[in-house]
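Everything on this sheet refers to the single structure shown next.
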Amino acid sequence: MTRQYSRITGTGSYLPPRRLTNADLVAELAAQGVETSDDWIVERTGIRARHFADPGVSCSDLGVLAAQKALEAAGLSAQDIDLIIVATSTPDMVFPSAACILQNKLGANGCPAFDVQAVCSGFVYALTVADAMIRTGTATKALVIGAEVFSRILDFTDRTTCVLFGDGAGAVVLEASDTPGILASDLHADGKHVGILCVPGQVSGGVVQGHALLKMDGQAVFKLAVGVLEDAARATLAKAGKTQDDIDWLVPHQANIRIMQGTAKRLKLPLDKVIVTVDQHGNTSAASIPLALDVGVRSGKIKKGDTLMLEGVGGGFTWGAVLLNL
Ligand code: UT7
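Per this note's numbering, numbering of the sequence shown is gapless, rising by one per residue and ending at 688.
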């Protein structure tokens with residue numbers, strides 16, 4: 363029997379153990395002649411530390427550890443899962459997908475598994491796809507994972523980007539439910555902004571062609587981000603017949619504290635209703651929302667029954683929001 367709704371029943375996350383404070387990173391960059399400072403990074407972004415995966419540790423390695431914690435929290439085993447979606451822009455290989463590699467590591471072989479590539483909006487895209495598949499009866503128990511090793515695509519000679527990102531993974535179990543979990547979502551993309559945030563390289567003829575490291579026009583992204591995040595949040599509330607007063611927690615993509623402050627202000631939400639992890643994780647792209655969600659849940663801030671607004675923005679240009687009852 364197809365159930366009407368999907369609901370998150372477990373969350374999990376994983377950060378690789380190698381943690382670099384701003385001071386650590388500033389010292390490493392100085393040794394290569396790249397000048398930056400803890401003051402600049404904190405003042406412009408709110409970031410104080412990030413985690414980097416060791417060489418040889420892949421997106422699926424981080425993702426599977428987050429997924430196992432989410433399964434444990436949901437009281438399920440890998441064999442119960444009938445759908446795996448991984449949101450990532452830093453998969454293990456060109457193909458097959460990180461989701462297939464992760465599925466085998468998890469021991470959930472047989473169920474459909476695929477990646478969603480919407481950069482920092484990837485998790486809200488993936489959650490929306492999983493919700494739709496559950497509501498149409500295609501799946502009943504899904505793992506939705508955001509996992510990234512952005513340290514692999516950073517240009518450590520470019521101080522305007524290399525201080526911003528980190529590695530990590532977050533996961534949720536999304537199950538068919540008779541009571542509403544996901545209430546509404548609102549997704550968008552505008553491909554005319556491809557160039558403001560991209561890794562423009564490609565593999566061709568067995569070699570990497572072009573620039574295979576991250577390039578970003580930070581100011582252009584910043585200017586677009588706050589407005590589109592407000593619009594997506596308002597559209598999602600309208601679709602669900604709710605107002606911003608119904609939001610218990612805003613769980614935004616963690617790119618920059620100033621973007622989060624700006625969005626919260628426009629939505630008239632006090633900052634103490636915003637889950638903030640950017641200070642400790644940096645920007646982990648598609649992993650940042652499920653990482654923040656899991657930190658919020660495990661810290662006891664976010665409680666069962668709370669209404670959450672998840673929202674992401676990133677390369678593509680892509681953006682979107684999901685409103686849900688936990
Ligand atoms: O996850 C996907 C979405 N991504 C984002 O949301 C990122 C959005 N953008 C941002 O968060 C901000 O634009 C940044 C944090 C990337 C940059 O902050 P900003 O306030 O826009 O700084 P800016 O680019 O205007 O640079 C200001 C100054 C420049 O120097 P001049 O030209 O004023 O002399 C930069 O060269 O800061 C300089 N600068 C740095 N100085 C020390 C840039 N990066 C650094 C650095 N350390 N790491």
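Even glycine gets a Cβ: it sits at the ideal position worked out from N, Cα and C.
- Message: Please return the same chain residues whose Cβ sits closer than 6 Å to the Cβ of L358, not counting the five positions on each side in sequence.
- Response: No information on residue 358 is available, as it lies outside the stretch 363 to 688 that the chain covers here.
- Task: To the nearest angstrom, report how far apart P474 and A389 are at their CA atoms.
- Result: Rounded to the nearest angstrom, the gap between the Cα atoms of P474 and A389 is 45 Å.
- Taking buried to mean at least 16 other C-beta atoms within 10 Å of its own C-beta, is E434 buried or exposed? It is exposed - the Cβ of E434 has fewer than 16 other Cβ atoms within 10 Å.
- Message: Taking the beta carbon of M622 as the centre, do at least 16 other beta carbons fall within 10 Å, making it buried, or is it exposed?
- Response: Result: buried.
- Is DSSP giving E510 helix, strand or coil here? Secondary structure at E510: strand, using DSSP grouped into helix, strand and coil.
- Query: For I609, does the three-state DSSP call read helix, strand or coil?
  - Reply: DSSP places I609 in coil when its eight states are reduced to three.
- Query: Looking only at its own chain, which residues have a Cβ that is under 6 Å from the Cβ of A531, when we skip the five neighbours before and after it?
  - Reply: Y376, L424, G425, A428, A509, A649.
- Message: On the criterion of 16 or more Cβ atoms from any shown chain inside 10 Å, does H615 qualify as buried, or is it exposed?
- Response: Only buried fits H615, as 16 or more other CB atoms lie within 10 angstroms of its CB.
- Item | T356 beta carbon near the ligand UT7 (any heavy atom closer than 7 Å) | Residue coverage of the chain in this structure runs from 363 to 688, which leaves residue 356 outside it and unanswerable.
- How many Å lie between L468 and A449 at the Cα? Cα to Cα, L468 sits roughly 16 Å from A449.
- How about the stretch 661 to 676 and the stretch 587 to 598: do they share at least three Cβ pairs that are nearer than 8 Å? Verdict: yes, contact present.
- Collapsed DSSP secondary structure at G677 in the structure displayed: G677: coil per DSSP, three-state reduction.
- Task: Please go through the stretch 463 to 509 and give each complete alpha helix (DSSP H) segment of 4 or more residues, from N-terminal end onward.
- Result: With a minimum length of 4 residues, the continuous alpha helix (DSSP H) runs that stay inside the stretch 463 to 509 are 484 to 497.
- Item | Residue from A470, V491, K627 with nearest C-alpha to Q479 | A check of alpha carbon separations from Q479 across A470, V491, K627 identifies V491 as the nearest.
- Item | Best match in A504, A392, M495, I403 for proximity to D444 [C-alpha to C-alpha] | For the residues A504, A392, M495, I403, the minimum Cα distance to D444 belongs to A504.
- Considering only residues of the same chain and omitting the five flanking positions on each side of G572, which have a CB-CB separation below 8 Å? The beta carbon of G572 sits closer than 8 Å to those of P562, G563, Q564, all from its chain and outside the five residues before and after it, given in chain order.
- Message: With three or more beta-carbon pairs closer than 8 Å as the criterion, would you say the stretch 648 to 667 touches the stretch 524 to 538?
- Response: Between the stretch 648 to 667 and the stretch 524 to 538, the count of C-beta pairs closer than 8 Å reaches three or more; the two stretches touch.
- Item | Which residues DSSP lists as bridging G532, in chain order | Looking at the DSSP output, G532 shares a beta bridge with S375, G508.
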